Structures are given as structure tokens and as C-alpha cells.
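*Asks:* This is the structure I have questions about; it appears just below.
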Amino acid sequence: EFDDDGTQYSKLDENTFVFEAKTSLNDFLKIVEGELDYFDEIKGDNETLAGLILEKTGVIPKISEKIDFPPYSFVVESADDRKINRLKVNIKR
Numbered sequence: 002e003f004d005d006d007g008t009q010y011s012k013l014d015e016n017t018f019v020f021e022a023k024t025s026l027n028d029f030l031k032i033v034e035g036e037l038d039y040f041d042e043i044k045g046d047n048e049t050l051a052g053l054i055l056e057k058t059g060v061i062p063k064i065s066e067k068i069d070f071p072p073y074s075f076v077v078e079s080a081d082d083r084k085i086n087r088l089k090v091n092i093k094r
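My numbering applies: residue 2 is where the sequence shown begins, and numbers increase by one.
Structure follows, in C-alpha cells:
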């Protein structure tokens with residue numbers, strides 16, 4: 002699926018999505034109907050989901066590694082030595 006801005010994502014069910022890691026935090030929060038300032042205090046200078054994850058972990062996480070920002074739980078679906086490519090997110094509503 003694509004939203005109006007061209008962001009690529011898949012909605013697996015009401016609370017589970019798969020996003021390209023390069024998705025902007027604003028686009029992510031619009032798509033999942035989150036508060037647009039939710040990540041402001043923890044994102045540092047980062048504007049993407051990948052940047053947010055790297056800000057928290059300090060390293061590129063392994064595939065299947067879980068990173069929590071309640072109510073959002075991210076699982077790395079695809080990554081290589083240089084970058085995170087795709088994330089699955091589950092939202093606990």
C-alpha cells in the first residue's frame with residue numbers, strides 16, 4: 002500500500018503494520034493515527050523510523066530484534082550491515 006505521500010507500508014491487521022525503515026516519523030504517525038509529537042523527546046535529530054531505532058539502540062539491530070516505544074513495538078524484518086530496511090510494528094491499543 003501507499004499513502005498519499007507515497008510512503009510504502011502494509012497493513013496486516015488493525016494493529017500490525019510493516020513499514021520501510023526510511024519512512025518519516027510524521028508519515029508513520031499519520032498512518033497509525035498516533036500523536037504527531039509522540040517521538041519528539043526521544044528522536045534526537047532523526048526524522049525516520051530507522052533513525053529513531055538507531056537513536057535508541059546505538060547499533061543496527063539484528064533481524065527479529067524487538068525495540069519498544071510503548072504503545073509501539075518494532076521488530077526488525079530486514080537489515081544489513083549498514084542500515085535497517087524494514088520494520089514490523091505492533092500497536093497495543
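Note that the Cβ used here is the ideal one computed from N, Cα and C, for glycine as well. Computed from a prediction, not measured in an experiment: that's the story for all the values here.
(1) May I have the straight-line CA-CA distance separating Tyr-39 from Leu-13, to the nearest angstrom?
(2) As a quick exercise: from Arg-83, Asp-81, Lys-67 and Phe-20, pick the residue whose alpha carbon is nearest that of Asn-50.
(3) Alpha carbon to alpha carbon, how far is Asn-16 from Arg-94? Give it in angstroms, no decimals.
(4) Can you give the Cα-Cα distance for Ile-32 and Phe-18, rounded to whole angstroms?
(5) Just verifying my parser: in three-state terms, what is the DSSP assignment at Asn-16?
(6) Tell me, to the nearest whole angstrom, how far the beta carbon of Ile-68 is from that of Lys-57; I am working on the premise that it is less than 8 Å.
(7) When burial is assigned at 16 or more other CB atoms within 10 Å of the CB, is Arg-83 buried or exposed?
*Replies:* Walking through what the data contain:
(1) Along the sequence shown, read from residue 1 onward, the residue named residue 39 stands at position 38. Along the sequence shown, read from residue 1 onward, the residue named residue 13 stands at position 12. Going from the Cα of Tyr-39 to the Cα of Leu-13 covers about 23 Å.
(2) Position 49 of the sequence shown, counting from 1, holds the residue named residue 50. The question names Asn, but residue 50 in the sequence shown is Leu. Ranking the options by Cα distance to Leu-50, first place goes to Phe-20.
(3) Numbered from its first residue, the sequence shown carries residue 94 at position 93. Numbered from its first residue, the sequence shown carries residue 16 at position 15. Take the alpha-carbon of Arg-94 and the one of Asn-16: they are about 8 Å apart.
(4) What you label residue 32 is simply residue 31 of the sequence shown in a count that begins at 1. What you label residue 18 is simply residue 17 of the sequence shown in a count that begins at 1. Spanning the two alpha carbons is a distance of roughly 10 Å.
(5) One-based indexing of the sequence shown puts residue 16 at position 15. When DSSP states are grouped into helix, strand and coil, Asn-16 belongs to the coil group.
(6) Mapped onto the sequence shown, residue 68 falls at position 67. Mapped onto the sequence shown, residue 57 falls at position 56. Correct: roughly 6 Å between the Cβ atoms.
(7) By one-based count along the sequence shown, residue 83 stands at place 82. Burial check for Arg-83: the Cβ neighbour count within 10 Å stays below 16, so the residue is exposed.
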